[in-house]
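Add 563 to the 1-based position in the sequence shown for my numbering, that's all there is to it.
Everything below concerns the one structure shown next.
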Amino acid sequence: MEAFEKAASAILSASRIVISTHMNPDGDALGSMLALTHALRTLGKEVTPLNVDGVPEILKWLPGAELVETLTERRDFDLGIVVDAGALDRIGKSLLPIFEAVPLLMDIDHHVTEGLVFGQLQVLDQTAAATAELIYELILNLEIQSQSTLVTPEIASCLMVGLMTDTGSFRYSNVTPKVFSLASELQEEGAEVAKIAEAVYENVSFASLKLLGKALDSLQRSEDGRVVWASVSAQDFAEFGGTDAETEGIVSQVRAVSGAEIGMLFREIPGRKVRVSIRARQGANANAIAKVFDGGGHILASGCSLEMPLQRAVDAVVTEAIRQIALS
Ligand SMILES: [Mn+2]
């Protein structure tokens with residue numbers, strides 16, 4: 564594919580490269596950014612990996628996580644690369660001026676939304692399950708063009724994290740034969756699957772498990788069982804000292820209830836508003852519910868925020884969800 568070759572030669576011509584990814588970074592965002600950082604450093608490039616929120620506790624073990632900075636004073640970059648971001652502004656306000664100032668900007672992503680594509684060079688493929696898939700291909704192109712060996716066990720591990728997390732451990736509908744081939748290659752290259760899975764999935768904070776308990780205790784469903792929801796109150800957050808990010812995964816457990824077509828999690832962020840995560844099963848539409856409350860996302864995963872007390876927010880969104888699901 565021509566895009567990979569063009570991207571690889573632009574990288575080889577650059578010497579001071581700044582890389583970033585979306586705020587609240589996940590496994591694919593950081594895994595992709597760090598894999599590329601390792602490869603470019605091997606090529607002798609000066610690389611500055613940035614993330615506005617830094618590395619979350621659960622991903623601190625990633626090889627190279629300590630290299631990630633939240634901001635830099637430098638402005639002498641000759642290439643900027645943004646991976647897995649969806650849109651340029653998702654890298655965060657404070658990093659935006661750096662990337663708007665680079666002479667050459669590259670967008671590498673598997674989220675492709677018309678109108679949100681940016682930069683002069685793009686490596687975009689919405690059929691890719693993870694940005695990690697595209698980074699691997701790019702690194703292979705860099706190997707060919709530079710005639711050097713770049714893929715190390717560290718790079719393989721970083722990419723495996725992206726692949727594993729963006730496919731829900733190879734369970735989602737984005738899993739293609741290519742995903743399994745890539746996983747196989749990465750394991751050959753030294754990615755330690757069991758270690759990675761343990762670090763990602765069996766590494767939860769005490770607070771997050773307590774908050775999960777609170778949420779599950781609050782679990783409710785509509786009369787016909789098609790809408791299921793749970794909530795975490797500001798008081799729960801205060802009691803266990805957990806953060807919003809530590810409740811991120813709860814909503815998928817809510818949707819997992821048999822018969823649930825819509826699963827929702829309400830989080831009362833202390834001193835702020837009520838954040839609602841909405842997940843749909845195939846056939847239902849989470850986005851249509853979120854839109855009513857000025858939110859958005861995808862058909863299967865969306866969200867919105869409401870500025871009102873928790874119980875009122877629950878009542879409003881649940882009523883709307885039940886109304887919509889009855890029509891579907
Ligand atoms: Mn991704």
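Each residue gets a CB set at the ideal place from its N, CA and C atoms; glycine is no exception.
Looking at the structure shown, is residue i part of a helix, part of a strand, or coil, going by DSSP?
| i | result |
| --- | --- |
| Gly860 | strand |
| Thr715 | coil |
| Gly826 | strand |
| Met723 | helix |
| Leu687 | strand |
| Ile508 | Within the shown structure, residues of the chain are numbered from 564 to 891, placing residue 508 beyond reach of any answer. |
| Ile885 | helix |
| Gly776 | helix |
| Asp652 | helix |
| Gln783 | strand |
| Ile832 | coil |
| Arg789 | coil |
| Asp878 | helix |
| Met871 | coil |
| Arg818 | helix |
| Thr611 | strand |
| Glu629 | helix |
| Arg842 | strand |
| Val742 | helix |
| Asp807 | helix |
| Ser768 | coil |
| Val763 | helix |
| Gly594 | helix |
| Leu622 | helix |
Using a Cβ-Cβ cut-off of 8 Å (strictly less than) and excluding sequence neighbours within five positions of residue i, which residues of its own chain qualify?
| i | result |
| --- | --- |
| Ala808 | Asn587, Pro619 |
| Gly627 | Leu597, Thr600, His601, Pro612, Glu717, Cys721 |
| Ala930 | No information on residue 930 is available, as it lies outside the stretch 564 to 891 that the chain covers here. |
| Ala823 | Arg784, Gly788, Arg789, Val790, Val791, Val817, Arg844 |
Just checking residue i against ligand 1 - is the residue's beta carbon closer than 8 Å to any of the ligand's heavy atoms?
| i | result |
| --- | --- |
| Gly725 | yes |
| Asp799 | no |
| Thr694 | yes |
| Ile674 | First, the residue type needs correcting, since residue 674 is His and not Ile in the sequence shown. Correct: His674 has its Cβ closer than 8 Å to ligand 1. |
| Asp924 | Because the chain here runs from 564 to 891, residue 924 falls outside it and cannot be looked at. |
| Asp647 | yes |
| Asp878 | no |
| Asp729 | yes |
Round the Cβ separation of residue i and residue j to the nearest angstrom and send it over; I've been treating them as touching at under 8 Å.
| i | j | result |
| --- | --- | --- |
| Leu713 | Thr605 | 5 Å |
| Ala695 | Leu726 | 5 Å |
| Asp641 | Leu667 | 7 Å |
| Gly591 | Thr728 | Reading the sequence as shown, one finds Asp at residue 591 and not Gly. At roughly 6 Å, the Cβ-Cβ gap stays under 8 Å, so Asp591 and Thr728 are in contact. |
| Ser794 | Leu679 | Going by Cβ atoms, the distance from Ser794 to Leu679 rounds to 32 Å, so no, they are not a contact pair. |
| Asn704 | Ala571 | 4 Å |
| Leu697 | Ile671 | 6 Å |
| Ala754 | Met723 | 4 Å |
| Cys867 | Ala879 | In fact, because the Cβ distance is near 10 Å, the residues do not count as touching under 8 Å. |
| Thr810 | Ser768 | With 8 Å as the limit, Thr810 and Ser768 do not qualify as a contact, their Cβ atoms being about 11 Å apart. |
| Trp792 | Val855 | Not confirmed; about 15 Å, so no contact. |
| Val881 | Val738 | Incorrect: roughly 32 Å between the Cβ atoms, too far for contact. |
| Val631 | Ser657 | About 14 Å; that fails the 8 Å criterion. |
| Phe567 | Leu684 | The Cβ separation is near 11 Å, so there is no contact. |
| Gly607 | Thr633 | Their Cβ separation, rounded to whole angstroms, is 25 Å, which puts Gly607 and Thr633 out of contact at 8 Å. |
In chain order, what residues of the same chain lie with their CB nearer than 6 Å to the CB of residue i, ignoring the 5 residues before and after it?
| i | result |
| --- | --- |
| Thr690 | none |
| Phe800 | Pro833 |
| Gln816 | none |
| Ile644 | Ile582, Met669 |
| Ser595 | Val646, Asp647, Thr694, Ala695, Ile698, Gly725 |
| Ser840 | Val814, Leu828, Gly866 |
| Arg818 | Gly826, Arg842 |
Which same chain residues, not among the five before or five after residue i, have their C-beta less than 7 Å away from its C-beta?
| i | result |
| --- | --- |
| Ala851 | Gln887 |
| His585 | Ala592, Asp647, Ala648, Gly649, Arg653, Ile654 |
Quick check: the stretch 820-830 against the stretch 853-863, are at least 3 beta-carbon pairs closer than 8 Å? no
Can we say the stretch 830-842 touches the stretch 701-713, given the rule of at least three CB pairs closer than 8 Å?
Result no; under three Cβ-Cβ pairs closer than 8 Å.
Counting pairs of beta carbons, one from the stretch 844-852 and one from the stretch 791-807, are three or more of them closer than 8 Å?
no
Check: Does the stretch 771-787 come close enough to the stretch 743-761 to have 3 or more Cβ pairs within less than 8 Å?
Finding: Taking 8 Å as the limit for Cβ pairs, the verdict is that the stretch 743-761 does not touch the stretch 771-787.
### Message
So, does the stretch 628-648 touch the stretch 571-579, judging by three or more C-beta pairs under 8 Å?
### Response
yes
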